[in-house]
Each structure stands twice: as C-alpha cells, then as structure tokens.
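Below you'll find the structure, written out as structure tokens, and then a few comments.
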Amino acid sequence: MYMYKNPATIENIDVLKNRNYLFVGPNSGSQACGDVGLGRMSEPEEIFENIQNFFSATNKVNNLPLLNKKVVITAGPTRESIDPVRYITNKSSGKMGYALAQIAKDLGASVTLVSGPVNITASQNINLCKVTTADEMLECVKENIKETDIFIACAAVADYKLQNISTQKIKKISGQNTLTLNLIENPDILAHVGHMEQDRPKLVVGFAAETQNLEEYALKKLDKKNADMIIANNVSNKNIGFDSDKNEVIIFSKENTPIHIGPISKLKISAEIFNYLLTKL
Ligand code: C5P
-17 MYMYKNPATI ENIDVLKNRN YLFVGPNSGS QACGDVGLGR MSEPEEIFEN
33 IQNFFSATNK VNNLPLLNKK VVITAGPTRE SIDPVRYITN KSSGKMGYAL
83 AQIAKDLGAS VTLVSGPVNI TASQNINLCK VTTADEMLEC VKENIKETDI
133 FIACAAVADY KLQNISTQKI KKISGQNTLT LNLIENPDIL AHVGHMEQDR
183 PKLVVGFAAE TQNLEEYALK KLDKKNADMI IANNVSNKNI GFDSDKNEVI
233 IFSKENTPIH IGPISKLKIS AEIFNYLLTK L
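Listed below in structure tokens is the structure:
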C-alpha cells in the first residue's frame, strides 16, 4: 500500500490510463516488503485470464468459427465410493479435457465442461458442472446436451462402480486375507450420447487411452458407441498422456484416413482437433 499509494505511482498510473493502457490489479494482501494492503501483484492465473478475455473479446468482432455453437465436454476421472472414506478412481488429471474446453471457448463456442474431481481450474466464462461419480456425470450431460453441436467425451469414466456402497467404514477382519467387492457396470456416457435418437449432437467424439492395438480398439469403439470420431492416445509412453502437459494422438473416423497429431502441448493438440472438427461441422 505504501508504494502503491505513493504520489509518483498514482501519477504514473494516471498517465498510462490516459494513454488507454489496460490494468490488471493490483490485489490486496501481504507484499514482499512486509507491507499489507493494496498493491500486491495479481495472481498469474488472474493476469493470464484477463489477457485471454481481452483477446477473446477482440476476436468476437472478427467472426469466431464456433460463435453460436454449443460444445459439451466431459473431463477428468470419476470417483466411485466403496465406503465413507474410500473410493475407486484412476490417474486422469483432466488436463486434456480442460485444454479442449479452453480452445472451444477461445473459438467462440458456448462451453459446458462436465468435470470429475481434478486439481485444475476452468476459465470463469466456461459453464463448469462439477461431478463425482459416473452416474452424476451422465445426469449433467443429459441436462446440457440439448442443442449441442459438438460433444467430446474426454473423461476417464470408471467402468465399474460398487454394487452396494457400505454406509460404514469397512473394517479389516483378522484371519481374512482377501476381500471381495462386487462391482457393477457404470453407464457409458459416450455410447448414450452417440445413440441418442433425439437431440444427438452433430459431432460425437470419444477418446481412447490404450496401451496397445490403438487402431483396432479405436475402430471398435467408433462402432460400439456410434461416435463420429475416436481420438486415440498411447498411454504406455510415460512422457506424454496422463498428467502430462503434452500428448500425441491419432484421430480415427469411419470415412477418413487416420490423422496423427503431436507430440505437442495439450492446448496445441486441442487447437488441431478443433481445426479438424470445424471441417466436419
Ligand atoms: O471404453 P473406453 O473407456 O475405452 O472408452 C473411452 C471413451 O468412452 C472415452 O471417450 C470416455 O470418455 C468414454 N466413456 C464414457 N463412459 C464410460 C466409459 C467411457 O463416456 N462409462
């Protein structure tokens, strides 16, 4: 506050404002010099978001390709309870789905991101639906799917859930060295949307994380889930995929030859994916 409120600072800010410079912050809080109050640098995420908003607002004038289009994306893992303190989940970080949502937003779409539990934040202008289980994810997709142009299932949905969730913490039984949990199949969200008779989005896209036979499995999924495209990535490569900022994918569709993208950042992969989807809309 001491530095920010200094007459020289105030004067300089006025000069820059008069020249139409944009400002982010400052925020209030503790500062490196020990002072507390107004004058703290805004958080990097806030600065980044302000820059993005500035450019997306500027671009709107320039006819963004997904303007007036609705995109629904699932992301992250799902979490299936075993008892009040334990659950089944997987290694998905959600980064790929969040990158797709960001690019769709930047291209002008109205974006709904249906996300399982992750440690990343979405831009404020993305409609975020936070869920935990596969059943909740399906419900949220159903609520938002009407008039959707592009649906992308990027979430790593748990294939199975507990048949009965224990209401009390399951205790270890002495002398018993095995424990059997009965699992039942979760709903397949991508297959549900792919097979919708009414309101099926124009493009239904799935992801496939595989460790082998990418093409064979992707083509089977195209069929089984009635998807228009399956984007396969080889998760056996530890440098890309799960939790990494980079990825390498192949887009499979029924009528086109496979398209290879990467290895590049998940944001760049997302931009390439939307470039391709735009040719199919
Ligand atoms: O069958 P598999 O899990 O490999 O399929 C991957 C694709 O299907 C992904 O797009 C994933 O988001 C979607 N999926 C789904 N609901 C499930 C299982 C997978 O939407 N229960």
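Here the sequence shown is numbered in the numbering used here, starting from -17 and rising by one per residue.
Glycine included, C-beta positions come from ideal geometry on N, C-alpha and C.
Practice problem: Would you kindly work out how many angstroms separate the C-alpha atoms of I243 and I102, rounded to a whole number? | Solution: Numbered from its first residue, the sequence shown carries residue 243 at position 261. Numbered from its first residue, the sequence shown carries residue 102 at position 120. Cα to Cα, I243 sits roughly 24 Å from I102.
Self-check item: Limits of the unbroken beta strand (DSSP E) element including N340
Solution: Because residue 340 is not part of the residues shown, which for the chain are -17 to 263, the question remains open.
Practice problem: Quick one: grab the DSSP three-state call for K250. | Solution: Here residue 250 is taken as the residue at index 268 of the sequence shown, counted from 1. In the structure shown, K250 sits in a helix (DSSP, three-state: H, G or I).
Self-check item: Range of the contiguous alpha helix (DSSP H) that encloses V175
Solution: Sequence index remark: in the sequence shown, residue 175 carries index 193 (1-based). I171 to G176 is the extent of the alpha helix (DSSP H) around V175.
Quiz prompt | Pair within 9 Å by beta-carbon distance, S74 and A137 | solution = By one-based count along the sequence shown, residue 74 stands at place 92. By one-based count along the sequence shown, residue 137 stands at place 155. Against a cut-off of 9 Å, the Cβ pair of A137 and S74 comes out as a contact.
Quiz item: Ordered along the chain, which non-local residues of its own chain (more than five positions away) have a Cβ less than 6 Å from that of I232?
Solution: As a working mapping, residue 232 is identified with position 250 in the sequence shown. Counting only Cβ-Cβ distances below 6 Å, and skipping sequence neighbours, we find A214, P240 and H242.
Practice problem: Report the option in P59, D205, N159 and I246 whose CA atom is closest to the CA atom of H177. | Solution: For the purposes of this step, residue 177 is taken as residue 195 along the sequence shown, with counting starting at 1. Among P59, D205, N159 and I246, the Cα nearest to that of H177 belongs to D205.
Quiz item: So L82 and I246 are in contact, right, with Cβ under 8 Å, and what is the actual spacing, rounded?
Solution: Stepping through the sequence shown from its first residue, residue 82 is reached at position 100. Stepping through the sequence shown from its first residue, residue 246 is reached at position 264. In fact, because the Cβ distance is near 14 Å, the residues do not count as touching under 8 Å.
Exercise. Give the DSSP-derived three-state secondary structure of K228 in the structure shown.
Key: Residue mapping note: residue 228 aligns to position 246 of the sequence shown, counting from 1. Here K228 sits in strand by DSSP.
Quiz item: Looking at D117 and the ligand C5P, is the gap between the Cβ and the nearest heavy atom below 8 Å?
Solution: Position 135 of the sequence shown holds residue 117. Checking the Cβ of D117 against the ligand C5P gives no.
Practice problem: Report the three-state DSSP secondary structure of Y80 (helix, strand or coil). | Solution: The count along the sequence shown starts at 1 and reaches residue 80 at position 98. Correct three-state label for Y80: helix.
Quiz item: Smallest Cα separation from I171: which of K124, E28, K250 and E31?
Solution: Within the sequence shown, numbered from 1, the residue matching residue 171 stands at position 189. For I171, the nearest C-alpha among the options comes from K124.
Quiz item: Taking 8 Å as the line, does the beta carbon of N168 fall inside it for any heavy atom of the ligand C5P?
Solution: As a working mapping, residue 168 is identified with position 186 in the sequence shown. Yes, Cβ of N168 sits closer than 8 Å to a heavy atom of the ligand C5P.
Quiz item: In chain order, which continuous runs of the alpha helix (DSSP H) of length 4 or greater are located wholly inside the stretch 40 to 113?
Solution: 77 to 88
Quiz item: Using CA coordinates, which residue listed in R182, T162, N238 and M78 is at the minimum distance from E197?
Solution: Residue mapping note: residue 197 aligns to position 215 of the sequence shown, counting from 1. Selected option, being the one with the closest Cα: N238.
Practice problem: Work out the CA separation of N159 and A104 for me, nearest whole Å. | Solution: In the sequence shown, the residue the question calls residue 104 occupies position 122. In the sequence shown, the residue the question calls residue 159 occupies position 177. The straight-line gap from Cα to Cα measures roughly 43 Å.
Quiz item: Do the stretch 54 to 70 and the stretch 136 to 154 meet, that is, are 3 or more Cβ pairs less than 8 Å apart?
Solution: yes
Exercise. Mind reading off the beta-carbon distance from M(-15) to G7? Whole number of angstroms is fine, and I expect it under 8 Å.
Key: Position 3 of the sequence shown, counting from 1, holds the residue named residue -15. Position 25 of the sequence shown, counting from 1, holds the residue named residue 7. Wrong, their Cβ atoms sit about 13 Å apart, outside the cutoff.
Quiz item: Under the criterion of a Cβ to heavy atom distance below 8 Å, does K153 qualify as lining the ligand C5P?
Solution: For the purposes of this step, residue 153 is taken as the residue at position 171 of the sequence shown. In this structure, K153 has its beta carbon at no less than 8 Å from each heavy atom of the ligand C5P.
Practice problem: Compute the distance between the beta-carbons of T130 and P47, then report whether it is under 9 Å. | Solution: Here residue 130 is taken as the residue at index 148 of the sequence shown, counted from 1. Here residue 47 is taken as the residue at index 65 of the sequence shown, counted from 1. Result no, Cβ atoms of T130 and P47 do not sit closer than 9 Å.
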